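Letter 76 of the sequence shown, counting from 1, is numbered 78 in the numbering used here, and no numbers are missing. C-beta: ideal position from N, C-alpha, C; glycine also. Predicted, not measured: the structure shown is a model, and the values here were computed from it. Working notes for the structure below.
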Amino acid sequence: MADLKEAEKVLDFELHKVSRKPTLHTGEIILIHQSHGPELTRSLSWLGALGLAFSISNSWIGYAATLGTMLTYGGGQTSLFGAILGGVAQWIVLLGTAELASAFPSSGGHYHFTYWLAPRGTRKLASFTVGMITLLAWWISLISGLIYITTSVFGIVAFWTPGFVIREWQIYLGLGLWGWLTGPDRAWNHTVIPLFSVPVEKTDYMTRTTLAVSIVGLVVTIVILPAMGGNDYHPENIMINRNQSGWATPTGWLLSMAQAEYSFVGAGTIVHLAEETPRPDRILPFVINMTTLIGLLGVIPWVIGVLCGIDDVDAVQRAFVPSLEAYYQVTGSKAAATFLQACIALICYTAICAQWITNSRIAWTLARDNGLPFSRYWNHIDPQYKFPVRTALLSAAFTVLFGVIYIASTTAFNSMINITTLLANVAFTIPQGILAIGGRNKLPARHFNLGRFGYPVNIFSVLWLILSGVLFCLPVTLPTTLSSMNYGSVVLVGIFLAILLMYIERRGKFSGPQILHA
């Protein structure tokens, strides 16, 4: 087993061999010298990779899902400016991720970065922890997307059917239905297009299509809203502070910034598609930054269009589907509001496949490094479908089992959903924290180099993680009750204890990413 110094020697040798100025093949060299080597088909172009990353992020739709909470923290002020500040904060964290992806393109992403950068005595535990956090974060993120499709559909039904009561078991069945229609359960039945019906070679076209569908949906929405709103506009909604959270105004602003990160954090998932992207050291940083930029440019006009047309903010906050109520208030038409919310559900549906793809790759990479129980079984590329079918099915099983929590306790379920962004940022930040403390000279030559901004970005990421970690564990409103309490801190403790127990069982088997000698 090669240690860190040996790995660095190999990397330095190869990077010097192609010159200290990175070439088009630097990323390929790093991939090839991982002991496993690239095993997946290079099926994504830069535009296809962008489509996949944006499908998972889908910032304007993610923001629509959190609109009610954002309004609670401070009305229009936090809904618009909190979103911008939160998006910028997340972008800074993602800049550090983009640099690491350029330096060490790898399907393992952050847990591989952590292994290569951490001190010898702690690298296994640190890497394993980051890997499990990453997997759990994106599994739960997938479920949140399925839940939003389901709530959108049932919200539309309730919108047209007064007296219709939505039950938890109905939401759970809806979650399972959308997972079945978009995911690995269709492996042996090709009647629905997404994951198994589209050959790996055509994945690029599929992700491009999802990108186009989302952008077209956004454009249609921001055109319809002012067109049907007439002259009944309330621009003052943007500037009036309607903090109904019970928190002080500064705390409300910080909470809105942390909440807004949910809409942008998905851009970082593309690092796990390094083996399926040509020249990943160049393309991955580009995709991360472009996805975040498109997200910000999409969220801002959407928020302005919605805020300026709302005449009853309280009704939007209380609504089962706040975006549907907002659309109705802006357009004055139930049909138009239904159409726009149905567009959101459709776009979410087309995007879910990208999350199945990413989750299967993360789990497969962990299995390849012996990080999962029965890793030998999960470490398998299906010869027919040319991707890790077994780990896709594992992700589906987790979705079904995790969804049961929604029936048992929506409070516990929501607490776990709420910390998805925090878990992802823990994974993003740990390798950056190692750089900030241990020195950035560990990084090889790379196309995307933060240069003198490297330390500020890495340090900011660590400090923001500490602050946002506290914020994500605070209740949305005060005073709080048993049903409205945020149990995020309890969930986090449980997650880390579970990871520690898993590591005790895996520590003699988990290898981490290995390096082949030149």
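- A distance below 7 Å between beta-carbons, with the five flanking residues on each side excluded, links Leu-102 to the following residues of its chain, in chain order: Phe-115 and Pro-433.
- In this structure Ser-154 does not touch Thr-479 by the C-beta definition: roughly 24 Å separates them, more than the 8 Å allowed.
- Note on Phe-376: under 16 other CB atoms within 10 angstroms of its CB, so exposed under the neighbour-count rule.
- Taking one beta carbon from each stretch, the stretch 74 to 93 and the stretch 299 to 306 have 3 or more pairs nearer than 8 Å; the two touch.
- Taking Ser-143 as reference, the option from Gly-181, Leu-257 and Asp-371 with the minimal CA-CA separation is Gly-181.
- Going by DSSP, His-449 is part of no alpha helix (DSSP H) at all; its letter is neither H nor E.
- Per the coordinates, the alpha-carbon of Tyr-330 lies some 9 Å from the alpha-carbon of Ile-312.
- Distance check between Gly-98 and each of Arg-125, Leu-286, Ala-347 and Phe-404 places Leu-286 closest, using alpha-carbon atoms only.
- Nearest to Leu-467 by C-alpha distance, out of Leu-424, Gly-147, Tyr-457 and Ala-339, is Leu-424.
- Counting along the chain, the unbroken alpha helix (DSSP H) around Lys-336 starts and ends at 336 to 370.
- Residue pairing by DSSP leaves Gly-50 without any beta bridge partner.
- With a beta-carbon spacing of about 6 Å, Ala-120 and Ile-436 fall inside the 8 Å limit used to define contacts.
- In the DSSP assignment, Ile-432 falls within the alpha helix (DSSP H) that extends over 422 to 440.
- One Cα belongs to Pro-390, the other to Ile-224, and the distance between them is close to 39 Å.
- Counting along the chain, the unbroken alpha helix (DSSP H) around Asn-291 starts and ends at 282 to 309.
- Runs of the alpha helix (DSSP H) lying entirely within the stretch 79 to 142 and spanning at least 4 residues, in chain order: 85 to 105 and 112 to 119.
- Ser-411 and Phe-450 have their C-alpha atoms some 45 Å from each other.
- Sequence-distant Cβ neighbours of Ser-61 in its own chain, meaning closer than 6 Å and more than five residues away, are Ser-265, Phe-266, Gly-297, Gly-300 and Val-301.
- Judged by their CB atoms, Met-259 and Leu-96 are not nearer to each other than the 7 Å cut-off.
- The Cβ atoms of Trp-140 and Asn-361 lie closer than 7 Å to each other.
- Looking only at Leu-69, Ile-346 and Asn-443, the smallest Cα-Cα distance to Val-222 is reached by Ile-346.
- When DSSP reads this structure, Gly-471 sits in no beta bridge, so it has no partner.
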